[in-house]
Structure formats: structure tokens, C-alpha cells
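Here's the structure, in C-alpha cells; my notes come after.
2 protein chains.
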Amino acid sequence: MEELVGLREGSPGNPVTLRELWSPCPRIRKGIRDGLGWLKQKLFREGEDWHLLMTLGVLMALISYTMNFAVNRVVRAHKWLYREIGDSHLLRYLSWTVYPVALVSFSSGFSQSITPFSGGSGIPELKTILSGVILDDYLDIKNFGAKVVGLSCTLASGSTVFLGKVGPFVHLSVMIAAYLSRVRLKATKESENRRKQKEMLVVAAAVGVATVFAAPFSGVLFSIEVLSSHYSVWDYWRCFFAATCGAFMFRLLAVFNSEQETITSLFKTGFRVDVPFDLPEIFFFVVLGAICGILSCAYLFCQRTFLGFIRTNRFTSKLMATSKPVYSTLATLILASITYPPGVGRFMASRLSMKEHLDSLFDNNSWALITRNSSPPWPAEPDPQNLWFEWYHPQFTVFGTLAFFLVMKFWMLILATTIPIPAGYFMPIFIFGAATGRLIGEALSVAFPEGIIAGGITYPIIPGGYALAGAAAFSGAVTHTISTAILAFELTGQIVHALPVLLAVLAANAIAQSCQPSFYEGTIIVKKLPFLPWIRGRNIGNHPVIVEHFMNGAITVLAKDMSMEEVVKVVTSTDVAEYPLVESTESQILMGVVRRAQLLQALQAEPPSWVPEHQRCLQDILARSCPMEPVTLHLSPETSLHQAHNLFELMNLHSLFVTLRGKAVGFVSWVELKKAISNLTNPPAPK
Amino acid sequence: MEELVGLREGSPGNPVTLRELWSPCPRIRKGIRDGLGWLKQKLFREGEDWHLLMTLGVLMALISYTMNFAVNRVVRAHKWLYREIGDSHLLRYLSWTVYPVALVSFSSGFSQSITPFSGGSGIPELKTILSGVILDDYLDIKNFGAKVVGLSCTLASGSTVFLGKVGPFVHLSVMIAAYLSRVRLKATKESENRRKQKEMLVVAAAVGVATVFAAPFSGVLFSIEVLSSHYSVWDYWRCFFAATCGAFMFRLLAVFNSEQETITSLFKTGFRVDVPFDLPEIFFFVVLGAICGILSCAYLFCQRTFLGFIRTNRFTSKLMATSKPVYSTLATLILASITYPPGVGRFMASRLSMKEHLDSLFDNNSWALITRNSSPPWPAEPDPQNLWFEWYHPQFTVFGTLAFFLVMKFWMLILATTIPIPAGYFMPIFIFGAATGRLIGEALSVAFPEGIIAGGITYPIIPGGYALAGAAAFSGAVTHTISTAILAFELTGQIVHALPVLLAVLAANAIAQSCQPSFYEGTIIVKKLPFLPWIRGRNIGNHPVIVEHFMNGAITVLAKDMSMEEVVKVVTSTDVAEYPLVESTESQILMGVVRRAQLLQALQAEPPSWVPEHQRCLQDILARSCPMEPVTLHLSPETSLHQAHNLFELMNLHSLFVTLRGKAVGFVSWVELKKAISNLTNPPAPK
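Sequence lines, in order, name chains A and B.
Quick note on the UniProt record's numbering: the first sequence kicks off at 1 and runs consecutively.
Quick note on the UniProt record's numbering: the second sequence kicks off at 1 and runs consecutively.
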């Protein structure tokens, strides 16, 4: 009976096939199939790619987790070796230094031999790509292996080299995203769409950050702040979706692997919730922010100068050009020798891993107050329950070690950033800031040992709160971002210090942004990558600069009525990528654009015909074999600099023609814009 | 001696005046003056307006705090009256209802009599203004008083009317910002700059939200998500600065007034930190998000339909047009009668204020588990320590009251949104979501009374966490935002539920965004405000639509060689705001734009001359008295719809001319774009 009903129901629209009729419950099966079809149609609608975003998030989380897992094993093996090797100082020294030196030199050699793009963080290059520049092969999936292996080795060398993984993870994520969208294009046979690709890259950057820190909010905000000067809300939602998938998966794996009971934050803190800080402490938080801002300026300046020095100095530039691994080995050897624990490393807590550094710096208690009367021992190995013992030295006290740590890490970090290996520079900066904050927090807890009195109860000052604010402020100042504040909350799982941390970050940013370009911008400048400068608010004067003032009027045009001779002359004498095509030499009315490559091809393919060369004109070739592309957007000489800059930035353009009443009168590219903007800031001497 | 040195030092550059010489310590005074001058120059550089942002933040915080303070006093007086009036039911009923009815009718009458713009939240109008539409007088400072007084009365009527303050605060903040920038323009004599004004408005919106909730992060993100489809990072930093100033000042005032010991969050919760939730609970969080999404669709649909009904129904539309206070009075009387505590209000915790509603819903304990064995009494007044007693009824249990609350508030809220008073609709939605979450959380705590077992210890399920997720998810779905998640963390001062809340918000948003326009967009549609629809990702087909397909080719041009007769004919037969001016009737080359108003003026002022009318042409007038404005940007027929849409949206344009080889061939405005976009979604029937 039921089958009959199924038959009857199915017959008018979709006739039920014989095979379906024989299998049981055709109605239910048809219902399920229809439901699945509907779901598929909903999920995979044309243009929708939520499944792609989810795949990206999950993939990156898997990679991040697997890498952490592998790196932890290698680090544990190093610790075991160092512990078991005996008491001979030479052997211990060798075991301490050879391990990271070998890893870093392998990382450097391996990754550089596969692709020259694998060094550094990758965020400056991504910034450049998102502004519309095409960096060939930078997003190619074949760099992936080099970057993964290289980064794993870098991370496995631990706190000796003191580098992180954020930047390379953003790069990795972007590579996967570019690959996924290419696969999707092939599968759906859609035409390539630059805008969609850019959307994917922005999302990928957010996923990269989110899967390293399990922090979706700060991942999204970081990608907003760092990557471009304008942001579409449509991207924002997609970023949140993908970043949440990534972060969730990343923490889920930790739970599945029984590292944790449930999903929690990475560096869980236990700050007091009821009275976390007293009102006057806000002042010290702001002062801490200002100090971090000043420090970040010094750091950025020194880092840029040193990077420039390495690139221009005869000896080092030769070394970098010919044998990068040698340079890496030398630099790592210096870093490893200094951090050797029984030596100088004793005074800078070098036995702690980077995670332990942060864990210990965010500690609740005031070390200075605890160690005033009792002196904790220096354990044979770091005590997981009392990691902060590493920061204490009987003679130097915690202040000495913290200050020494800051002084030494300042230049060691700058040295480390010059090593050509895949590495992130965010985490070390974050830890450096945390140590700065801790130092000030400890000083305050000693200066005001009676603490905060609220409601009759005395609460001690929490130096960990200052470490949190310092970390956010310093890393925010170096990268020119504010989202580091929210990163600090997401990492620690507490948001009680919301306002003081935000104030510190703002103070630090105010100083850093007015004095130095950000870390990423600095790298772009040193690496001579193309970029379009900002027009800051204060640069908009009362007398608007218009396109006419700065456009380049010397354009080479091709006219439709040009003879072949003339065309050949133009093509051979210039080498721009595309020529504006005008109606006639006389009228100069802009018709479209001809690509040089296509024109050359057409000229070469042109059959020798009976018409003499000087009588044939460009129009014939165009009609036959060389397509003309339309110009969809052009400037007018009266367009203001500001409007032109906006157009370039918002539409990711690189050059535009200027037309006056239809006539091509010039063009504007990044070069002209840059010059015009720099003239705004430093007006040229009046004639 | 010291004065002599001062004299000698001062003499070469700045000669020290006699008066300065006589006063003590000229050197120090000069140093201080120079320092102050330097600081002033740094702070008040041309184009800088950080001081303005700070002023805005501090002002809004002061207004917000003062309003809260005044409203609290009025609410307390109402409570006192209700308590002291005796046991007569009639008197109690009257004291319960007359108070809000009087306040709301006064609010409605007062604010509407001053300005018709004062009703509602103001965010939809702000969205429209930011997209480039000029709404006259909407940002005029004279509306300020009406809105402040009206809003205070609305808030003072308490949880009876159940409305919040976010929307109007955004409007107030925007009004102050517009006023401040006008004052600044006058003071610095800079020329008006539309872009700068827009920047100020975006910042003001963030400040508005931040000073209501003391939540700078969510204020900024809210303004990103709600106000426009593109966002500049430059605005983002300014928003953070102003919002932090505002939020800090707002909480500072609370500390100064001894309401708090130190700066903390508004609705401090005390969720368990170590194991806040178990992994399987994530599933229920997502289900909760989905339920909130479905509920929000129902709410948005009903709200829009009812608002449309009120506007079109013969009786109500007449009432609204002639006597708004009467409508307000009637609606409030219904709401107040239902919430009368000894009546139906008993079952919906109507004695609690809105703040107390949230405080109680975020409670740690499971009410259902507590009340299984013992039955708490219904106190004569809400007990500040155990606010949740209000949610318990011996027969109905907490499930009954929560469900009843949801059902009743659903339509009461829709009714309340139609009352023409200044009021915010975010807070009630947030509470509604919290109640939804609480209901599900309580159900779960009963379904799994053994709770979570982790590390051998049993932890009960926290229904408060679900309330938090529900609040964020429902309010996020209604407003189509994700930042409500971070608002929930900022409000409660805890971020332990980061991932589950985010997942719930994403689930809710996925459903709501695919089914209904957001609350603000819905209001824009109902109020018939102009707007430009989005092109969603899926609407970009493979066959690009270009401007040629949808541009309006019927343009009325003025040619330079037109005779006066023809010009007058054109001007009298059309009434567009501006005419494209072409070189000649024959060539149609676009030269610029002539404003109709200016042209009319010039035509009228034209002296009767000896040249006969038909021999004089437009060119003469232009040369004499009517300025031509340049066209700085024009489209080409080959520009794609997507590019054109981007241009309109990013540059805040309203119409552009289309030129082909310099010739004006058509124009594109919002009307054409809207039609083209709707054709993308619902392709017209093939011809």
C-alpha cells in the first residue's frame, strides 16, 4: 500500500524508478533525498563558500595543533638530553647550544633552498598583496612545505631563539586559502574574481591568528587593523565564522588529547575579581602604557636600522646573499651561548619555554613581597607549580633579573629578527611587554605594600595585571594595533582589567604611531616592497591638491590612425605594460587600453600583405587580432588628491588615466600619488 | 644675576619684554611657556581633533551618568509610592499604572511637539545619514533637549514599558558630535569637509554605545557592524580613543559617587572559572543560538508587520497623525495593567527593574534545582540578595514564569516599539534573549542534575551561562551583529564562555541574516528612508552586468551653444537638481555640471540686453554669472555593476554621469542601482 502511495505521489513530477520501487520505504527515502538536496542547494548556492571557510579554519587548527604537538616533543627531548648529559660544563654547554644551532641552520637552509619567500613573518608581504600588488608565487602552495618544516624547526629551538609562530601561520593560512579558492574555481568553473580572492585572503589572515592563540575576536580585529586601511563588514562576518571554527577546533583537539578537561583559554590566569585594582592604579597603568610606547619606538628604530645595516654592510650582505645558513648558525650560536642557564642565562630565566615565560609573568602574587623575607631555592629544573622561581636570584632579586632580561632580550630580539628563517615576531614582543609590565608591577607592589583598602579589607596590588597591560601595550605599540588588548583578555580568560589595559594600549599607541612606522610597515620600507602611504587627517590642508597638479602628463598613446611604422616605433621605444588607445592623433579621445604583450604578438603574427607598411594603420590590427580592453574608470584633472587616493585604496588600483572632455591627458599611478602625499607633509620650497 | 642671564639668553631671538624682566624667574617662566606652546602645537595641530573626541566622550559619560542618577531617583519614588499607598487594590493599581502612563504621555507629547524626529532609536536614520543622504535638521542640537527629557521620562517609567537607552544615546552623541565639529569649524575657520563630519559621526555612534554600557570594545564593533558596509581603520582608532574616554569617565563617576569600590563592569557575574562548561554543552549552546535565531526571525517579522499595520490602518494612522500622546497613553495603559504585580505581573517578575532582570538572569545557581525541594516565599518587596525569588511561583515553577515572560514580552515589546517616544530597543531584546537562554539552561540543569564530572569533582551546569549566550545570540540576531558577544563579556566582566557564546551568536546570525532584514534595516524599509541594498556574495553571477545595461539614458543636457530660449525651455520643463553641461549639442562632450538653482538665479538676474533672445547662448550666462562645477568622477558604460556599486558605497555618492569617449550618454543613481541589484536576485523574465 505504502509503495503504491509512493508510486502515485512520485508519478506526476518525478516518476519513481523501478529500482526505487523495489527498495523499502520509497516515501521516506525520497523525503530524505529531497531534504538533503534542499540542504545541499542551500549550503552550496552559487557564490556561497561557507563550507570553504570552515574547511580553512579546521585545516589550520589541525596544522597548528599538530605542529605544537611535534614541537613539544622535540623540546622535551632537548630538555631530557640537557638533564641527562651529566655535570661536565662543556657537554652541557654543547648540548644546550648545538641543538638550536642545528635546528635553525637546517630551518634556514631547507626553507631558503625551496623558496626565497619563506623567511620572516609574511605579514608585510600579505599587506602588499592585499593592496593590489601581485607578488608572483608568494601564495603558491609549494612554499607550504618549506614554511611548515622551517617554522617547526624554529619553534623547536625554543626560547633560545625566542621566536613565535603568528606571522608564518598567517602566511600558511593565506596559502591554503589561495589554494582552496583555486580548487573551488576549477570545480565550479566560475570565472576568476579578484575581489573574491581578496576576501578569502583577509579571512585567512584572521584564521591564522585565531588558530595560534585560540582567540577568534582578536584574530578578526588583528586582520582588520593590520592588513588594510579599509574594511568591508561582509568580510568581517566571514572572518568571524572561519576564525571561530578554527579556534574551536584548535581547543577541541586539546580536549580530545586529554590535555584539558574542557575548552578554556591558553594562559588561564586567576586574578582577583571583586577588587582587581584600585582607582589610583589607573594612573600607573597609563604610565606603563607610555613607557611601553617609548620602548617600542626605540625597538622599532633599532630594529629597522639594524636590518638596514645587515642589508647594506659589505660583509653581512655578502654573507646573506651567498650563505644564509652560516649567518643563521652564527647568530643562533651567540643567542644560545648567552642563554646558557649556568652562565648568563641564570639571570634571565632562560630555562623557561616561551609559554612558561608568559604563564609565570601573569602570576597573581607579588614576587618581590614574597622574597623579602624568604629566599626560594633555584631548583635543578623549573618547578611547574612555581615557575617564577626562575625569575629570582638571591643577589639580583627579581628586579635585577627582570631588568637584565629586558636589556638583553632587547638586542637579542633584534638580532633574532634578522635570521632568515620562517618565524613570527609577535610572541616575543608580547613577552617582552609582559616583562616590562611585571617589573613596574613588582616595583609598585613594593612601593605600596599595604595595597588597596576597600570596604575595610586590604587587597595587595596584583603585578600580574601590569604584566597583562604591558604585554598588550608593547605589542600593540610595535604593531600599531589596539586589538592586542582583547587578545590579552582572550588568552587569559579574564576581562576584569578591561579599562586599564585599554588605556595603556591607547597611550602606547599614541606615542608609537606618532613617532615610528609599525613593525610591518618598517619591514615593507626596508624590504622595498611597494606601498601606498596614508593621508593622515592632519595632512589635509585647506587648499585642496587636485589631480592636475601631480598627474604625469607624459603619456605614450597609440592612435587608431597611426601607421604601422609609428606603432612599431612606439612599441620598441617604450616598455609599459599597457598603452592607452585614442581615437585619432588629432582628437586624443580615449577609447580603451591595449596590452603591450598582446600588441607585440599581433604585430609579429601580422601577415605580410600587399598594403605597404605605411598605409596600414593600427585599426586594422585591432580589428583582426589584438583585443582592446575598455577603461571602466578614469580620473578628471579636477579630482582632488584625497578622492583619488581613496579610489586607489578602496578599489585596489595601481594606475588610472586622466581624461579631460574625453581626451587622455595624463595618468596617475602610485608613484605620482606617493610624491603628492609626501609633498603634503613636507611642502616643496616655494618657487 | 639670574635675570641678567635671562636677558642675555632672550635677547637674540625673542627679546624679553620689560614686564617679563620685572617678574621673578624669567627663565623658568619662559621654559614653561615654551613647553606649553610646544604641547599646544602638538595637541592642536591642524586637522587633529583628539581633544574634540575626548570632550565628546566625557560629555556623553556625564549625560549618561546624570540621566541614570535622575531616573533612579524617580523610579525609587515610584516604588515608595506603590509601597506606602496602602493595601487597597484600586489605589495600588492606580499608583502602578498612572505613573508610567503620565511619564510616557508627557515624553511623547513633549518630544513630538519640539521635533518630529525624536521618536524611536535614531540608529536607522543615522545609517541613512552615513550612507550620504542629507536628512535636514536631524542632527540639529535643538533636538537635544527634547530627546534628553523624553528619554529620561521613558526610562523613568521603568520595566513597565520595558525600553532601553542605547539608540537614543547614539543619536544624542551624534548630535553633540555634529555640534562640536560645527563649533570647531567656526573657531579654526577651516572649510567644511564632509569626510571629516562623517568620521565624527561614526566615532559618536561608538561613544553612544560605550557610555551606556561602559563597554568600549563593543561600542566600537557595534558602530562598525551596524552603521555602514565599509569601515576605515583610521576611524577605528579614533572610535577606540573616544569610546574609552567615555566608558572610563562613566565608571569613574560611579566610583566618585561611592556606588562602587573601584572600576568594574556593570553586571558583574561570578561564574565558575575552572570548568565553566563541559564539552558536550557546546552542542546545547549552538541549539540555543539556533532557537534564538528562529525567535528573532519571528520577532522581526511581527514587529515590521505590526509597525506597517499601525501606519496603514485607518484608525491607528489617524490617531498617530493627530494625537500621538493619546496612542502612547493607551498603549502604556495596556502594558502597565498587564505588569501589575498582584495580577498577571506576578508571573513575569514585573517588580524587577531592567537592571535587576539582567542581574537575576545571570545568576550562578540553578533555580530549578534549588526549588525542587524547598519553595522560597514571595517577598513583600524584591530581595536585593535573592532577586531570582521574583521568578519563582509555587504552582508555575520557574519554567512557567520564564515561559510566560517570554510569551507576554514578545507582543508587549512589539507594542512598545510602536509608541512614539525616544527609546532604545536593544536592552529589552537583550533581556528577552537572556530569559530564553535561562529557560533552556534551567531545563538542562534539571535534565542533567548530576552535572559535569571533571577530574573526579562534580560541577553543576550553570544556567547563567546560557542566559549570557541567549542574550548575546538573540540581540545579535535581531540587529545582525556579532559584537553582542563581546558586549556580553564586557557587561559581565567574565570571558570564560568566549567560544560557546560566539558559536551561539554565529548560529543565530546565520538564521536571522538569511531570513529577515535586521531591526534597523526593517525600520528603514517601513519608514521608507532611502537606502542602497547590498550585493551579497551569491548574487554575483558569472555574467557580469555592466553599467550600459541599467543606466538611465534619458538625460536632459544643457549645451553651451544652446540659445536662451532653449535653456529656459529645458529649465522650466524639468526639475532635477543639476544639469550636465556639454560642449555643444552636436558633440555632447561632458564639460561639467550646472546647478539648477544657480542657473535660475542667473537667468532671472540677466539684464535685458540688445542682443535678441535667440542669439544669446548659454555660454554667455556661464561666463558672467553662473559657475560651472567640474565632474570629478564618471562611469563608463563598461563599468561593472559591482564596481559601480562599490564606488557609490565607498565614496558616498548618489548619482554619477556615464560618459563614452567624453560624451555624456546617461546617468546612474541609487534608483537604477537598486533596480539592477533586485534584478540580480530576481532575474526578470526572459523576453
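Using N, Cα and C, we set each Cβ at its ideal position, and we do this for glycine too.
Keep in mind that this is a model prediction, so the values were computed, not measured.
(message) Against chain B, which members of the UniProt domain "CBS" (551-609) of chain A pass a CB distance test of less than 8 Å?
(response) Glu583, Ile589, Leu590 and Met591
(request) Along the beta strand (DSSP E) that carries Gly476 (chain A), what are the first and last residues, could you check? (result) Looking at the DSSP string, Gly476 (chain A) is not in any beta strand (DSSP E); the run it does join, the alpha helix (DSSP H), is Pro463 to Thr479.
(message) Just to confirm, is the Cβ distance from Gly208 (chain B) to Val174 (chain B) under 9 Å?
(response) yes
(request) Would you check if the distance between the CB atom of Val545 (chain B) and the CB atom of Ala443 (chain B) is smaller than 9 Å? (result) no
(request) Would you mind reading off the limits of the alpha helix (DSSP H) that contains Leu590 (chain A)? (result) Element bounds for Leu590 (chain A): not the alpha helix (DSSP H) but the beta strand (DSSP E), Leu590 to Arg595.
(message) Assuming contact is defined by CB atoms lying nearer than 9 Å, are Val555 (chain B) and Val665 (chain B) in contact in what I supplied?
(response) In the sequence on display, residue 555 (chain B) carries Ile and not Val. Yes, Cβ-Cβ distance for Ile555 (chain B) and Val665 (chain B) is below 9 Å.
(request) Could you check the C-alpha separation between Val75 (chain A) and Phe405 (chain B) for me, to the nearest Å? (result) 57 Å
(message) For a minimum of 3 consecutive residues, which ranges assigned as the beta strand (DSSP E) are wholly contained in the segment 225-304 of chain B?
(response) 230-232
(message) Quick check on the burial criterion: 16 or more other C-beta atoms within 10 angstroms. Buried or exposed for Pro276 (chain B)?
(response) buried
(request) In the DSSP assignment, find the unbroken alpha helix (DSSP H) run with Ala485 (chain A) in it and report its ends. (result) Ser483 to Thr492
(request) With 8 Å as the limit, tell me which residues of the segment 229-257 of chain A have their beta carbon closer than that to any beta carbon of chain B; keep them in chain order. (result) Ser229, His230, Tyr231, Ser232, Val233, Trp234, Tyr236, Trp237, Phe240, Phe241, Thr244, Ala247, Phe248, Arg251, Leu252 and Val255
(request) Mind checking which residues open and close the beta strand (DSSP E) that includes residue 750 (chain A)? (result) The structure shown has nothing for residue 750 (chain A), since chain A only spans 1 to 687.
(message) Just checking: is the beta-carbon of Arg311 (chain B) within a distance shorter than 9 Å of some beta-carbon in chain A?
(response) no
(message) Thr332 (chain A) and Ile419 (chain A) - do their beta-carbons sit closer together than 9 Å?
(response) yes
(request) Could you name the residues of chain A that Val275 (chain B) contacts, counting a contact when the two beta carbons are closer than 9 Å? (result) Glu261, Thr262 and Thr264
(message) If we define contact as Cβ-Cβ less than 9 Å, is Ile224 (chain A) a contact residue for chain B?
(response) yes
(request) Run through the segment 605-683 of chain B for me and flag every whole beta strand (DSSP E) of 3 or more residues, listed as ranges in chain order. (result) 633-635, 655-660 and 663-669
(request) Use the C-beta contact count for Ser265 (chain A): other C-beta atoms within 10 angstroms, 16 or more gives buried, fewer gives exposed. (result) buried
(message) Under 9 Å, Cβ to Cβ, is there at least one residue of chain A near Phe362 (chain B)?
(response) no
(request) Identify whether Leu139 (chain B) lies in helix, strand or coil by the three-state DSSP scheme. (result) coil
(request) Quick one: residues in its chain with C-beta nearer than 6 Å to the C-beta of Asn679 (chain A), no 5 flanking neighbours on either side, listed in chain order? (result) none
(request) Measure the CB-CB distance between Leu361 (chain B) and Arg438 (chain B) and report whether it falls below 9 Å. (result) yes
(message) Only counting the same chain, and skipping five residues up and downstream in sequence, which positions put a Cβ closer than 7 Å to that of Leu227 (chain A)?
(response) Leu126, Lys127, Leu130, Val202 and Ala205
(message) Check this for me: beta carbons of Gly424 (chain B) and Phe169 (chain B), under 9 Å apart or not?
(response) yes
(message) Using 8 Å as the cut-off, can you tell me whether the segment 445-456 of chain A makes contact with the segment 270-290 of chain A, which would need three or more C-beta pairs spanning the two stretches below that distance?
(response) yes
(request) Pull out every residue of the segment 272-299 of chain A whose Cβ sits closer than 9 Å to any Cβ of chain B, in chain order. (result) Val273, Asp274, Val275, Pro276, Phe277, Asp278, Leu279, Glu281 and Ile282
(request) Measure the beta-carbon distance from Leu532 (chain B) to Val571 (chain B) and round it to whole angstroms, keeping in mind my assumption that it falls under 8 Å. (result) Actually they do not touch by this definition, with Cβ atoms about 29 Å apart.
(request) Check each residue of the segment 647-665 of chain A: if its Cβ is closer than 8 Å to any Cβ of chain B, include it; give the result in chain order. (result) Leu647, Leu650, Met651, Thr659, Arg661, Gly662 and Lys663
(message) Which residues of the segment 434-461 of chain B have a Cβ closer than 8 Å to any Cβ of chain A? Give them in chain order.
(response) Ile452, Ala454 and Gly455
(request) Whole angstroms is fine: what's the gap from Thr632 (chain A)'s alpha carbon to Ser636 (chain B)'s? (result) 5 Å
(request) Look up Pro26 (chain A) in the DSSP assignment and say whether it is helix, strand or coil. (result) helix
(request) For Thr371 (chain B), collect the residues of the same chain with a Cβ closer than 6 Å to its Cβ; drop the 5 residues on either side in sequence, then sort them by chain order. (result) Tyr392
(message) My output table needs one value for Ser11 (chain B): the three-state DSSP class, helix, strand or coil.
(response) Model confidence at Ser11 (chain B) stands at a pLDDT of 44, short of 50, so the residue's coordinates are unreliable and nothing is read from them.
(message) Please identify the residue among A:Arg596, A:Leu487, A:Gln588 and A:Gly120 whose C-alpha is closest to the C-alpha of Gly662 (chain B).
(response) A:Gln588
(request) Please confirm if Glu638 (chain B) has its CB atom under 9 Å from at least one CB of chain A. (result) yes
(message) Can you find the residues in the same chain that come closer than 7 Å, C-beta to C-beta, to Tyr459 (chain A), ignoring five residues on each side of it along the sequence?
(response) Arg272, Val275, Gly451 and Ile452
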